[in-house]
Amino acid sequence: MTRSMILRQATSKKRLPVLILILAVAIAAVLAPVDLACAAGQDAPGSGADVEYRAFPVVGSRVIVWVFAELHLMFAAFVLAVPLFALIIEFIGYKNGDKRYDALAHEFTKLLSVSFSFTATLGTALTFLLIFLYPRFMNYLGSIFGWTFLPYALLFFAEAGFLYSYYYGWGKFSPRVHMGLGLGLNLVGVVILFVADAWLTFMMTPRGVKETGELLSLWGAISNYTWMPINIHRLIANVAFGGSIAAAYGAYRFLGARTDEERAHYDWMGYIGNFIAISAFLPLPFAGYWLGKEIYAFSQNLGMTLMGGAFSWLFIIQAVLIGMLFLGANFYLWVGMERIEGATRYKRYIKYLLASITVCFIVWATPHSMVATIEEARRMGGSHHPMLSVLGVMSAKNTAVNVLILTTYISFLLYRRSNKEPTVSWARVGQRIQFSIFVFTTLFVIFLGVLGYFVEAKVRIGLSVPQVLSVLLTMIMVTILDILMYRKARITGSINWGKMPARSQYALFFITVTFAWLMGLMGYVRSGIRQHWHVYGVMRDTSPDAFTPTLGFASSVVSVTVLVFFSFIAVVFWLSSLSGRRNWEPTRPS
Amino acid sequence: MNNALKVAVLTVLTTAFYAYVGHMVPQKITYPPESAELESDMTTEQMVKVGGEIVATKGTCLACHTIGSDKPGRFPDLGGIGARAGTRKSGMDDVGYLAESLYEPNAFIVDGFNPGMIAPSKPPVSLTDSEILTVIAYLQSLGGTPTVTMQTKLKYAGQSPGPAAPGPRPTSLAGSPGAALDGAQLMQNYACVTCHKVDTPEKLIGPSLYDVGSRMSTAKLYESIMDPDASVAEGFPPGVMIATLRATQFYDKVTASELKTIVTYLAARKGKG
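These protein sequence lines are chains A and B, in that order. With the working numbering applied, the first sequence covers 200 to 789. With the working numbering applied, the second sequence covers 26 to 298.
What follows is the structure in structure tokens.
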């Protein structure tokens, strides 16, 4: 049977078999060369193993792989994240009986089926590119992880099965069975993520191999230093990213809505998506600390490359992005208060919150060494500004990001209680306790930040841990108090869903684009710190692309990738919105 | 304006803004380190010189160590190590101690510092046994007298991966821009001569370099280019040179081989013509 016959047969059926066929081709492509290498036990002439690299025209091999890998990761992040919160929303709807939640969860999953196809297609293209352009590296990776490829392929089939039965089975099964499918989808998705993370973290912090590169232990290679930190970091970041894309979809539908009912629904969808994104975003720096700690534990050199070498300026770009994210998220909450009756009383606090965000952003974005002209440097007495360089060190930056997180959390608290009055007898005491916790934590975080200037580096590094933990603990304690205090709260006004100005929806798009760009940038640094190594310290990159490019070049590649991604996302949104349209009917002659 | 168009414009402007920020920070290309080719009949003086270069470049030692600073970095200051090395561990001479520090750095931890140094003999640094001998000679020269030769047999010899390792392979930087230029031409091209005289003792914006080879070791020359504020010549303000080099994008443009050529050229300026 020829390939075209197989394709013809497949296309005559439904979408699922087509997808499975694509996956099968991709998996076969992945497994074939590995199989060859394993079976032969040596580099067979003409198998591709004697060719180390091939060049891709115009942009070069590295850039094309970079762009496809990032696009694949962005879609994969979305496809893995949406089922996580769709299932939770479905469960909330099941428990409280509110059909709106069920409808919202269903709407979120509408985005999945098209996105899953994009993910698989981009993954296939990436696999082909890697095999063709980097045969020596792929042979080596195959010799280490060959045994994980088949389970990975099977997991992909399981993912497809669960995903399509979860989406097409909406309302067709009992809620428990349907949620069981959702749970299966999520479990398989998480395992897929963990398997793929093993490959990429091995490249960064290899373990389980001899110094000469031969495999000693597959489990050792999988459970390398950064595997679990990356798993957790990605899981959380995926939810933040997926939530923001879902919010952007809500914004897109809101802007095009024709009725108040539609506007109200999509306003709510945008709000929930953004809530998910920001809630997941807040603990992300903590997961980042863990990842950084493990990188240093693996190799001081690798850690120094990340934080003190060529990439140290990348974190200034990151500071700008995170500052913009916080600003956008707070702006959306503040504008959102306009649709809540009774929120006026909290508006006076916004200027203080804005001031706090602005100050923190400025501190975070202040570099340690200034880019200055000769005259300016002469006046400053060096490359470090006499006053501002104080803000450029980690003590100041850790303090700023923790206060930023606290400020955003306060914005959310004000939003949450806009139309509510607590009725419990201890409400006043409860509010004073909450206020005291905020004041104490803020002073504690600032105290530790200042203390950092007067202690040795060894002690200073450790101060970030109590800073982070105090903020985390504050959010947990205040949330628990708030839930208890507002349990039987008096509702002082309604939330007028849909009564939102268009600028709030553009803020959601802005947040989504910023998330995508941030993801691209951090993906670059994670991969880039290996510098001239395919597998750090084990397999050297001897291609013409072995040098580490400038941050400007990397920024341009990230920008182009983000624009391509959103072009694809526009297609996903459009296709997803087709399901709500009326069927086409031939015009009847009058 | 149509909503979709507005969203598209917003997306393009946002990404363009972030790309702009990315282009505004200092730009630097980092090239893979170059392998030093060592001859077995090198004199001790030559070994010290090569060792100093390796410490400042391929060895990446100065990422964590300082030389003659009161504020040590992540790991101990190396100033005067040549005098101290023989007294660190009882029953171990300076060559033995320095060799152990390079092959098994966590076997002995100096008080007040944490373990964590990776062995330069292993990847990712991968210094060869010969390169390590030159590094030991250089370290001995810091406050002591080099005694090691290229024929010295260390008990660790043979542990470094060498060319047989399937993973790491030597990288050729041949053909990199400027490789064919000599030191004087590079000094001219990078406009160093705008601030420094190289053929007379006359001071310009910076000190004259006509006798710099007799005043500074090779490692010090590397440091004075890569981190000019680490020690500033008396009577000259700090910060000026680094700001100039950044403004002219010297650090973005210069390659490892060009830097080596410049340092070799400067090391030869002994003040005689």
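Ideal Cβ placement from N, Cα and C applies to all residues, glycine included. Keep in mind the model is a prediction, meaning the values are calculated, not measured.
Given serine 764 of chain A, which residues of its chain have a CB within under 7 Å of its CB, disregarding the five upstream and five downstream residues?
-> Locating residue 764 of chain A in the first sequence gives position 565, where the first residue counts as 1. For clarity, residue 764 of chain A is phenylalanine in the given sequence; the question names serine instead. Result list for phenylalanine 764 of chain A: Leu270, Met273, Ala715, in chain order.
Within 8 Å of chain A by C-beta, residues of the stretch 131-148 of chain B in sequence order = Listed in sequence order: Asn139, Gly141, Met142, Ile143, Lys147, Pro148.
Residues in its own chain within less than 7 Å of threonine 85 of chain B by CB, not counting five upstream and five downstream?
-> Here residue 85 of chain B refers to the residue found at position 60 when the second sequence is read from its first residue. Val150, listed in sequence order.
Tyrosine 652 of chain A CB to nearest chain B CB: under 9 Å?
-> As a position in the first sequence, residue 652 of chain A is number 453, starting the count at 1. Chain B, which has no Cβ nearer than 9 Å to the Cβ of tyrosine 652 of chain A, makes this no.
Opposite isoleucine 620 of chain A in the DSSP bridges: which residues?
-> Working through the first sequence from its first residue, we reach residue 620 of chain A at position 421. The sequence shown places glutamate at residue 620 of chain A, rather than the isoleucine named in the question. The partner list for glutamate 620 of chain A (beta bridge, DSSP) reads A:Arg689.
Does lysine 31 of chain B have its Cβ less than 9 Å from a Cβ in chain A?
-> Taking the second sequence and counting its residues from 1, one reaches residue 31 of chain B at position 6. At least one CB atom of chain A sits nearer than 9 Å to the CB of lysine 31 of chain B.
Could you work out which residue in A:Val712, A:Gly751, A:Ser663 is closest to methionine 523 of chain A when comparing CA atoms only?
-> Here residue 523 of chain A is taken as the residue at index 324 of the first sequence, counted from 1. Per the Cα distances, A:Val712.
Strand pairing of isoleucine 539 of chain A, partner residues [DSSP] | Your numbering for residue 539 of chain A matches position 340 in the first sequence. A:Ile694, per the DSSP bridge assignment.
Span of the beta strand (DSSP E), counted from its first residue to its last, around valine 734 of chain A = For the purposes of this step, residue 734 of chain A is taken as the residue at position 535 of the first sequence. Its beta strand (DSSP E) spans residues 732-734.
Would a check of beta-carbon distances place glycine 47 of chain B closer than 9 Å to chain A?
-> Along the second sequence, one-based indexing puts residue 47 of chain B at 22. Closer than 9 Å to some Cβ of chain A, the Cβ of glycine 47 of chain B qualifies, so yes.
Report the residue from B:Asn28, B:Tyr43, B:Leu123, B:Glu283 whose alpha carbon sits nearest the alpha carbon of glycine 751 of chain A.
-> Taking the first sequence and counting its residues from 1, one reaches residue 751 of chain A at position 552. That would be B:Tyr43, whose Cα lies nearest to the Cα of glycine 751 of chain A.
Determine the DSSP secondary structure at methionine 738 of chain A, reduced to helix, strand or coil.
-> Residue numbering aside, residue 738 of chain A sits at position 539 when the first sequence is read from its first letter. Reduced to three states, the DSSP call for methionine 738 of chain A is strand.
Which of helix, strand or coil DSSP assigns to valine 654 of chain A | By 1-based counting over the first sequence, the position of residue 654 of chain A is 455. Collapsing the DSSP output to three states places valine 654 of chain A in coil.
Interfacial residues, the stretch 94-115 of chain B to chain A, with Cβ spacing under 7 Å = Of all residues in the stretch 94-115 of chain B, Arg99 have a Cβ within less than 7 Å of some Cβ in chain A.
Within chain B, the residues that isoleucine 516 of chain A reaches when beta carbons sit closer than 8 Å = Translated into positions along the first sequence, residue 516 of chain A becomes position 317. Those within 8 Å of isoleucine 516 of chain A in chain B are Tyr43, Val46, Gly47, Val50.
Any Cβ of chain C within less than 9 Å of the Cβ of lysine 83 of chain B?
-> No chain C appears in the structure shown, which is made up of the protein chains A and B.
Closer than 7 Å by C-beta to leucine 229 of chain B: which residues in its own chain qualify, once you throw out the five before and the five after it? Chain order, please.
-> Your numbering for residue 229 of chain B matches position 204 in the second sequence. So the list reads Cys220, His221, Lys222, once near-sequence residues are dropped.
Quick one: grab the DSSP three-state call for leucine 454 of chain A.
-> Walking along the first sequence from the start, residue 454 of chain A turns up at place 255. The DSSP-derived three-state label of leucine 454 of chain A is helix.
Can you check whether the CB of proline 130 of chain B is closer than 9 Å to the CB of alanine 144 of chain B?
-> As a working note, residue 144 of chain B is residue 119 in the second sequence. As a working note, residue 130 of chain B is residue 105 in the second sequence. Taking 9 Å as the Cβ cut-off, alanine 144 of chain B and proline 130 of chain B qualify as a contacting pair.
Member of B:Val73, B:Ser239, B:Met251 whose CA lies at the smallest distance from the CA of leucine 167 of chain B | Against the second sequence, residue 167 of chain B aligns to sequence position 142. Closest by alpha carbon: B:Val73.
Rounded C-alpha distance that separates isoleucine 516 of chain A from glycine 47 of chain B | Position 317 of the first sequence holds residue 516 of chain A. Position 22 of the second sequence holds residue 47 of chain B. For isoleucine 516 of chain A and glycine 47 of chain B, the gap between their C-alpha atoms comes out near 6 Å.
Any C-beta of chain A under 9 Å from that of valine 150 of chain B | To locate residue 150 of chain B, count along the second sequence from 1; it is residue 125. Output row for valine 150 of chain B: interface = yes.
Which residues does DSSP pair with threonine 170 of chain B in a beta bridge?
-> By one-based count along the second sequence, residue 170 of chain B stands at place 145. DSSP output for threonine 170 of chain B lists no bridge partner at all.
If you draw a straight line from the C-alpha of methionine 180 of chain A to the C-alpha of alanine 292 of chain B, how long is it?
-> The requested residue 180 of chain A is not part of the displayed model; chain A covers only 200 to 789.
If we count the other Cβ atoms within 10 Å of its Cβ and call it buried at 16 or more, is aspartate 119 of chain B buried or exposed?
-> Looking up residue 119 of chain B in the second sequence gives position 94. Buried, since its Cβ has 16 or more Cβ neighbours within 10 Å.
Put valine 408 of chain A into one of helix, strand or coil per three-state DSSP.
-> Numbered from 1 along the first sequence, position 209 holds the residue referred to as residue 408 of chain A. DSSP places valine 408 of chain A within a strand segment (E or B) once states are collapsed to three.
Strand pairing of leucine 414 of chain A, partner residues [DSSP] = Taking the first residue of the first sequence as 1, we reach residue 414 of chain A at position 215. Looking at the DSSP assignment, leucine 414 of chain A forms a beta bridge with A:Val408.
Which listed residue (A:Phe646, A:Met676, A:Ile429, A:Pro405) has its alpha carbon closest to that of tryptophan 418 of chain A | To locate residue 418 of chain A, count along the first sequence from 1; it is residue 219. Checking every option, the nearest Cα to that of tryptophan 418 of chain A belongs to A:Pro405.
Local conformation of alanine 29 of chain B per DSSP, three classes = Numbered from its first residue, the second sequence carries residue 29 of chain B at position 4. Alanine 29 of chain B carries a helical assignment under DSSP once its states are collapsed to helix, strand and coil.
Collapsed DSSP secondary structure at threonine 641 of chain A in the structure displayed | As a working mapping, residue 641 of chain A is identified with position 442 in the first sequence. DSSP, read as helix, strand or coil, puts threonine 641 of chain A in helix.
In DSSP terms, what threonine 55 of chain B is bridged to = Stepping through the second sequence from its first residue, residue 55 of chain B is reached at position 30. According to DSSP, threonine 55 of chain B bridges with A:Thr747.
Compare the C-beta of threonine 40 of chain B against all C-beta atoms of chain A and say whether one is closer than 9 Å.
-> Counting from one through the second sequence, the residue named residue 40 of chain B turns up at place 15. So yes, threonine 40 of chain B belongs to the interface.
Should the stretch 338-352 of chain A be called in touch with the stretch 282-294 of chain A, which here means at least 3 C-beta pairs below 8 Å?
-> With contact defined as three or more Cβ pairs closer than 8 Å, the stretch 338-352 of chain A and the stretch 282-294 of chain A are not in contact.
Mind checking the stretch 488-501 of chain A against chain B and listing, in chain order, the residues whose C-beta falls within less than 9 Å of any C-beta there?
-> Here the close residues are Tyr495, Ala496, Ser498, Gln499, Asn500, Leu501.
Which residue's Cα is closest to the Cα of threonine 170 of chain B: B:Ser239, B:Thr40, B:Ala110, B:Ser65?
-> The sequence position of residue 170 of chain B within the second sequence is 145, counting from 1. Closest option to threonine 170 of chain B, Cα to Cα, is B:Ala110.
For tryptophan 467 of chain A, the nearest candidate out of A:Ala447, A:Phe372, A:Gly727 (CA to CA) | Within the first sequence, residue 467 of chain A is the residue found at index 268, counting from 1. Nearest C-alpha to tryptophan 467 of chain A among A:Ala447, A:Phe372, A:Gly727: A:Ala447.
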